[in-house]
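Structure record follows, encoded as structure tokens.
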């Protein structure tokens, strides 16, 4: 029988982060705990309408899922777009990595290159990227390796990006990207607009 303290600690972590990863050192003990006490952890969440799903190796992840409408975590538009890009890069990197490799690392330059292909009207600056990454880290989807101070800065992408954005949701994510591009384009100043305004004042 699991101790109450460990059960509460693990349940609270799942509630706050949605995912637990066995491939991340500081989360491994919690993942193994869920694996060994799955029925007890599920019993905590079942009255609330949550399901706890366990994905064994090679993914090694536990997920807290609530299928009630409106209760899922909602990402902002650029957070969804960044998640879509990281999912794409994760799949590309996994193809070239050894099956035993735990880490999937991408660079900020690779992220920006994929974003550029979407023809978004604004490039993600460092401050905005760091803000978006804080959200993705909270949900154990990805984390920066050190400070995102340049194009060669690295981001570790977790396998949970595949769970947070399954194949069935890709079309919706792509549509969200297109809507964002259109909406942000409405706020872009035409080229030379500032110069014309200045000339009028003179």
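Residue numbers (full-length UniProt numbering): 1 to 202.
Glycine included, each C-beta is placed from N, C-alpha and C at the ideal position.
A quick note: this is a predicted structure, and the numbers were derived from the prediction, not measured.
Margin query: At the level of alpha carbons, what is the spacing between residue 141 and residue 48?
Written below: Position 141 of the chain shown, counted from the first residue, corresponds to residue 141. Position 48 of the chain shown, counted from the first residue, corresponds to residue 48. Answer to the nearest angstrom: the Cα atoms are 24 Å apart.
Notebook entry, point to check: Around the C-beta of residue 56, are 16 or more other C-beta atoms found within 10 angstroms, so that it is buried, or is it exposed?
Noted result: Counting from 1 along the chain shown, the entry for residue 56 is found at position 56. With fewer than 16 Cβ atoms within 10 Å of its Cβ, residue 56 is classed as exposed.
Check: Looking at C-beta atoms only, is the number of pairs between the region 146–158 and the region 107–125 that lie closer than 8 Å three or more?
Finding: yes
Next item on the list: Check each candidate in 92, 103, 79, 50 and name the one with the smallest Cα separation from residue 132.
Entry: Within the chain shown, the letter at position 132 stands for residue 132. That would be 79, whose Cα lies nearest to the Cα of residue 132.
Item checked: Proximity to residue 147 [Cα-Cα], best of 129, 76, 54, 65 -> Here residue 147 is taken as the residue at index 147 of the chain shown, counted from 1. Answer by Cα proximity: 129.
Margin query: Tell me which residues share the same chain as residue 21 and place their Cβ nearer than 7 Å to its Cβ, disregarding the 5 neighbours each side in the sequence.
Written below: Residue numbering aside, residue 21 sits at position 21 when the chain shown is read from its first letter. Counting only Cβ-Cβ distances below 7 Å, and skipping sequence neighbours, we find 27, 31, 60, 61, 140, 158, 160.
Check: Quick one: is residue 165 buried, meaning 16 or more other Cβ sit within 10 Å of its Cβ, or exposed?
Finding: Here residue 165 corresponds to residue number 165 of the chain shown, with the count starting at 1. Per the 10 Å Cβ criterion, buried.
Next item on the list: Report the residue from 6, 42, 23, 91 whose alpha carbon sits nearest the alpha carbon of residue 58.
Entry: Taking the chain shown and counting its residues from 1, one reaches residue 58 at position 58. Considering only alpha carbons, the answer is 23.
Item checked: Same chain only: Cβ atoms within 7 Å of residue 13, ignoring 5 sequence neighbours per side -> In the chain shown, residue 13 corresponds to position 13, counting from 1. The answer, listed in chain order, is 20, 30.
Notebook entry, point to check: At what residue ranges does the region 114–164 contain a whole run of the beta strand (DSSP E), taking only runs of 3 or more?
Noted result: 142–145, 154–157
Item checked: Sheet register partners of residue 107 (DSSP bridge) -> Locating residue 107 in the chain shown gives position 107, where the first residue counts as 1. Paired residue(s): 154.
Next item on the list: Run the CB neighbour count on residue 113, radius 10 Å, all protein chains shown included, and call it buried at 16 or more, exposed below.
Entry: As a working note, residue 113 is residue 113 in the chain shown. It counts as exposed.
Checklist line | residue 137 beta carbon less than 9 Å from that of residue 144 | finding: What you label residue 144 is simply residue 144 of the chain shown in a count that begins at 1. What you label residue 137 is simply residue 137 of the chain shown in a count that begins at 1. Cβ distance < 9 Å, so residue 144 and residue 137 count as in contact.
Notebook entry, point to check: Alpha carbon to alpha carbon, what distance is there between residue 127 and residue 134?
Noted result: Counted from its first residue, the chain shown places residue 134 at position 134. Counted from its first residue, the chain shown places residue 127 at position 127. Straight-line Cα distance between these residues: approximately 11 Å.
Notebook entry, point to check: Would the beta-carbon of residue 44 fall within 9 Å of that of residue 53?
Noted result: As a position in the chain shown, residue 44 is number 44, starting the count at 1. As a position in the chain shown, residue 53 is number 53, starting the count at 1. No, the pair does not count as a contact, with Cβ atoms beyond the cut-off.
Margin query: Whole angstroms are fine: how far does the CA of residue 111 sit from the CA of residue 95?
Written below: Translated into positions along the chain shown, residue 95 becomes position 95. Translated into positions along the chain shown, residue 111 becomes position 111. If I take the Cα positions, the gap works out to 17 Å.
Notebook entry, point to check: Buried or exposed: where does residue 51 fall if 16 or more other Cβ atoms within 10 Å of its Cβ makes it buried?
Noted result: In the chain shown, residue 51 corresponds to position 51, counting from 1. Counting Cβ neighbours within 10 Å, residue 51 comes out exposed, since fewer than 16 surround it.
Notebook entry, point to check: Roughly how many whole angstroms lie between the Cα atoms of residue 15 and residue 9?
Noted result: Residue 15 sits at position 15 when you count from the first residue of the chain shown. Residue 9 sits at position 9 when you count from the first residue of the chain shown. Straight-line Cα distance between these residues: approximately 10 Å.
Check: Does DSSP classify residue 44 as helix, strand or coil?
Finding: Position 44 of the chain shown, counted from the first residue, corresponds to residue 44. Reduced to three states, the DSSP call for residue 44 is helix.
Notebook entry, point to check: How should residue 194 be labelled, buried or exposed, when 16 other C-beta atoms within 10 angstroms of its C-beta is the threshold for buried?
Noted result: As a first step, residue 194 is located in the chain shown; it is residue number 194 there, counting from the start. Annotation note: pLDDT 41 at residue 194 (below 50); position unreliable, coordinate value reported separately. Exposed.
Notebook entry, point to check: What three-state label does DSSP hand residue 75 in the structure shown?
Noted result: Sequence index remark: in the chain shown, residue 75 carries index 75 (1-based). Three-state DSSP puts residue 75 in coil, outside helix and strand.
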